[in-house]
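Participant:
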Amino acid sequence: MAIYIVRRLVAAVILLLIVTAAVFAIFFLVPRLAGATPEDLASRYVGRTADAEQIHVIAVKLGFTDPIWVQYGRFLKGLVAGADYSTGPTTVHCPAPCFGYSFLTQNPVLPDLLDRLPVTLSLAAGAALIWVVAGVATGVVSALRPGSIFDRAAMGVALAGVSLPIFFTGLLSLAVFSYALGITAPGGSYTPIEDNPFLWAYDLLLPWITLAFLYAAGYARLTRAGMLDTMGEDFIRTARAKGLPERTVVVKHGLRSALTPILTIFGLDLGLLLGGAILTESTYSLPGIGKYSVDAVVNNDLPKVLGVVMVGSIFIILANLVVDLCYAIVDPRVRYS
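Numbering (this note's numbering), first residue to last: -9 to 327.
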């Protein structure tokens, strides 16, 4: 088990290095290969109002005129040891890990992301809890009663949940439950959990349900398919022949064997949400990482976009690392392989 964990940790570090190279190539190397000049790259750092002379000065200060391998080394150094950015007469130090410095807001990107992380983390954690419990439970019950009224109704709702986009269900939920009935909080409000846990949950209840409705539908269908395959296996019939209670057969033997693909997709979904639930946060005007990335694109603030991509990639890697470790708990074959 220890060797398995060490292997996964080493693989995560290697993958993180590959991600940094890929991100750097997307934002810096590919535009150069497509014919972009250093001034074209620098224009993404100074907004839309800078003149040609200012853009050239920024290109030289940021090192865009240096060879590409020198720029990549400086990029890695900023992640490990921080970087210094000249904003005119003064030099600002961006502490490690430095994901960039926004010349529009005159702030390093990482502190801004960390300020918005609690909102995205609260949204992702609450929605994930709802969609996993609701989706898996619905899938199990549907698999145990295939063809029943509940099965057909649940799969019909699941199909609707997968098909309807989040901005449609989000706006419809706001119109009905917030503005018409006044049951839930209107969009745009967020209370930190340390200030008032009940108001925190009240503000996020509708975004949780809306986001969970989208994901729970897929989890219900995936769980149902996995349970239908598992419940017909020989070891299930053996467990029943031994006289084990039906609950033990379903949960310990059936569901546990069907959890592997669910864990896989859960790691990807949770990692993507922690990197920014763009549509949900934009629909409900939540000041999270997703809304932050949208504002960065609108304002042509490349360092912020770069920082969001790096943070999202790190969350996906960490989520998949946790999933790999959970494999060893759910499936004994992983521990002994």
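Note that CB positions come from ideal geometry on N, CA and C, so glycine has one too. Nothing here was measured: the structure is a model prediction, and the numbers come from that model.
Between which residues of its own chain and Phe225 is the CB-CB distance below 7 angstroms, once the five residues before and five after are set aside?
Facilitator: As a working note, residue 225 is residue 235 in the sequence shown. So the list reads His243, once near-sequence residues are dropped.
Participant: Please report the straight-line C-alpha distance between Pro21 and Thr273, rounded to a whole angstrom.
Facilitator: Start at 1 with the first residue of the sequence shown, and residue 21 comes out as number 31. Start at 1 with the first residue of the sequence shown, and residue 273 comes out as number 283. Spanning the two alpha carbons is a distance of roughly 32 angstroms.
Participant: For Ser163, which residues from the same chain have a beta carbon less than 6 angstroms from its beta carbon, with the 5 sequence-adjacent residues on both sides left out?
Facilitator: Position 173 of the sequence shown, counted from the start, is the residue given in the question as residue 163. Only Leu196, Thr200 meet the Cβ criterion.
Participant: If you draw a straight line from the C-alpha of Cys316 to the C-alpha of Tyr209, how long is it?
Facilitator: Here residue 316 refers to the residue found at position 326 when the sequence shown is read from its first residue. Here residue 209 refers to the residue found at position 219 when the sequence shown is read from its first residue. Approximately 18 angstroms, taken between the alpha carbons.
Participant: Three or more beta-carbon pairs under 8 angstroms between the region 62 to 77 and the region 87 to 99, yes or no?
Facilitator: yes
Participant: Classify Tyr91 as helix, strand or coil using the three-state DSSP reduction.
Facilitator: The count along the sequence shown starts at 1 and reaches residue 91 at position 101. Tyr91: strand per DSSP, three-state reduction.
Participant: Quick one: what's got a C-beta closer than 6 angstroms to Ile306's C-beta in the same chain, skipping five residues either side?
Facilitator: Within the sequence shown, numbered from 1, the residue matching residue 306 stands at position 316. Within the same chain, Ile306 has close Cβ partners Gly261.
Participant: So who's on the other strand from Pro98, going by DSSP bridges?
Facilitator: In the sequence shown, counting from the first residue as 1, residue 98 sits at position 108. The partner list for Pro98 (beta bridge, DSSP) reads Tyr91.
Participant: Please state whether the Cβ-Cβ distance between Phe14 and Phe54 is less than 7 angstroms.
Facilitator: The residue given as residue 14 occupies position 24 in the sequence shown. The residue given as residue 54 occupies position 64 in the sequence shown. By the CB criterion at 7 angstroms, Phe14 and Phe54 fall outside the cutoff.
Participant: How about Ile45 and Glu29: do their beta carbons lie closer than 7 angstroms?
Facilitator: One-based indexing of the sequence shown puts residue 45 at position 55. One-based indexing of the sequence shown puts residue 29 at position 39. The answer is yes: Cβ separation under 7 angstroms.
Participant: Do Leu204 and Ile268 have their C-beta atoms within less than 7 angstroms of each other?
Facilitator: The residue labelled residue 204 in the question sits at position 214 within the sequence shown. The residue labelled residue 268 in the question sits at position 278 within the sequence shown. Going by C-beta atoms, Leu204 is not nearer than 7 angstroms to Ile268.
Participant: In the DSSP assignment, find the unbroken beta strand (DSSP E) run with Tyr180 in it and report its ends.
Facilitator: As a position in the sequence shown, residue 180 is number 190, starting the count at 1. Tyr180 -> no beta strand (DSSP E), and no H or E assigned at all.
Participant: Where does the unbroken beta strand (DSSP E) through Ala191 begin, and where does it stop?
Facilitator: What you label residue 191 is simply residue 201 of the sequence shown in a count that begins at 1. DSSP places Ala191 in no beta strand (DSSP E) but in the uninterrupted alpha helix (DSSP H) bounded by 187 to 220.
Participant: Whole angstroms is fine: what's the gap from Arg214's alpha carbon to Val3's?
Facilitator: In the sequence shown, counting from the first residue as 1, residue 214 sits at position 224. In the sequence shown, counting from the first residue as 1, residue 3 sits at position 13. Taking the straight line joining both Cα atoms gives about 35 angstroms.
Participant: Terminal residues of the continuous alpha helix (DSSP H) containing Ala12?
Facilitator: Stepping through the sequence shown from its first residue, residue 12 is reached at position 22. Residues -8 to 14.
Participant: Between the C-alpha atoms of Pro57 and Leu276, what's the straight-line distance to the nearest angstrom?
Facilitator: Indexing the sequence shown from 1 puts residue 57 at position 67. Indexing the sequence shown from 1 puts residue 276 at position 286. Their Cα atoms are separated by approximately 41 angstroms.
Participant: Thinking C-beta only, is Trp121 closer than 7 angstroms to Ala202?
Facilitator: Taking the first residue of the sequence shown as position 1, residue 202 is located at position 212. Taking the first residue of the sequence shown as position 1, residue 121 is located at position 131. Their beta carbons are under 7 angstroms apart, which means Ala202 touches Trp121 by this criterion.
Participant: Rounded to a whole number of angstroms, what is the C-alpha to C-alpha distance between Asn97 and Gly68?
Facilitator: Indexing the sequence shown from 1 puts residue 97 at position 107. Indexing the sequence shown from 1 puts residue 68 at position 78. For Asn97 and Gly68, the distance between alpha carbons rounds to 15 angstroms.
Participant: Based on the DSSP output, what are the partners of Cys84 in its beta bridges?
Facilitator: Position 94 of the sequence shown holds residue 84. Note: Cys84 sits in a beta bridge opposite Ala73.
Participant: Check this for me: beta carbons of Leu103 and Gly297, under 7 angstroms apart or not?
Facilitator: Against the sequence shown, residue 103 aligns to sequence position 113. Against the sequence shown, residue 297 aligns to sequence position 307. Leu103 is a Cβ neighbour of Gly297, given a cutoff of 7 angstroms.
Participant: Grab me the residues of Glu43's own chain with a C-beta within less than 8 angstroms of its C-beta, minus the 5 sequence neighbours each way, in chain order.
Facilitator: By one-based count along the sequence shown, residue 43 stands at place 53. Within the same chain, Glu43 has no close Cβ partners at all.
Participant: Look up Asp41 in the DSSP assignment and say whether it is helix, strand or coil.
Facilitator: Along the sequence shown, one-based indexing puts residue 41 at 51. Here Asp41 sits in coil by DSSP.
Participant: How big is the Cα-Cα spacing for Gly265 and Asp285?
Facilitator: Sequence index remark: in the sequence shown, residue 265 carries index 275 (1-based). Sequence index remark: in the sequence shown, residue 285 carries index 295 (1-based). Using only the alpha carbons, I get a separation of about 15 angstroms.
Participant: Look up Asp141 in the DSSP assignment and say whether it is helix, strand or coil.
Facilitator: Position 151 of the sequence shown, counted from the start, is the residue given in the question as residue 141. Residue state, collapsed to three classes: helix.
Participant: Would DSSP call Phe54 helix, strand or coil?
Facilitator: Translated into the one-based positions of the sequence shown, residue 54 becomes position 64. Three-state result, Phe54: coil.
Participant: Hey, would you say Arg106 sits closer than 7 angstroms to Gly278, going by beta carbons?
Facilitator: Taking the sequence shown and counting its residues from 1, the one referred to as residue 106 is at position 116. Taking the sequence shown and counting its residues from 1, the one referred to as residue 278 is at position 288. In this structure, Gly278 lies closer than 7 angstroms to Arg106 by Cβ.
Participant: For Val152, I'd like the list of residues in its chain whose CB is within less than 7 angstroms of its CB, leaving aside the five on either flank, ordered along the chain.
Facilitator: Numbered from its first residue, the sequence shown carries residue 152 at position 162. Once the five neighbours on either side are set aside, the close Cβ partners of Val152 are Ala207, Gly208.
Participant: Considering Ser163, what are the terminal residues of the alpha helix (DSSP H) in which it resides?
Facilitator: For the purposes of this step, residue 163 is taken as the residue at position 173 of the sequence shown. Element bounds for Ser163: 156 to 163.
Participant: In the DSSP assignment, the alpha helix (DSSP H) including Ile268 goes from what residue to what residue?
Facilitator: Walking along the sequence shown from the start, residue 268 turns up at place 278. Segment 268 to 274, the alpha helix (DSSP H) holding Ile268.
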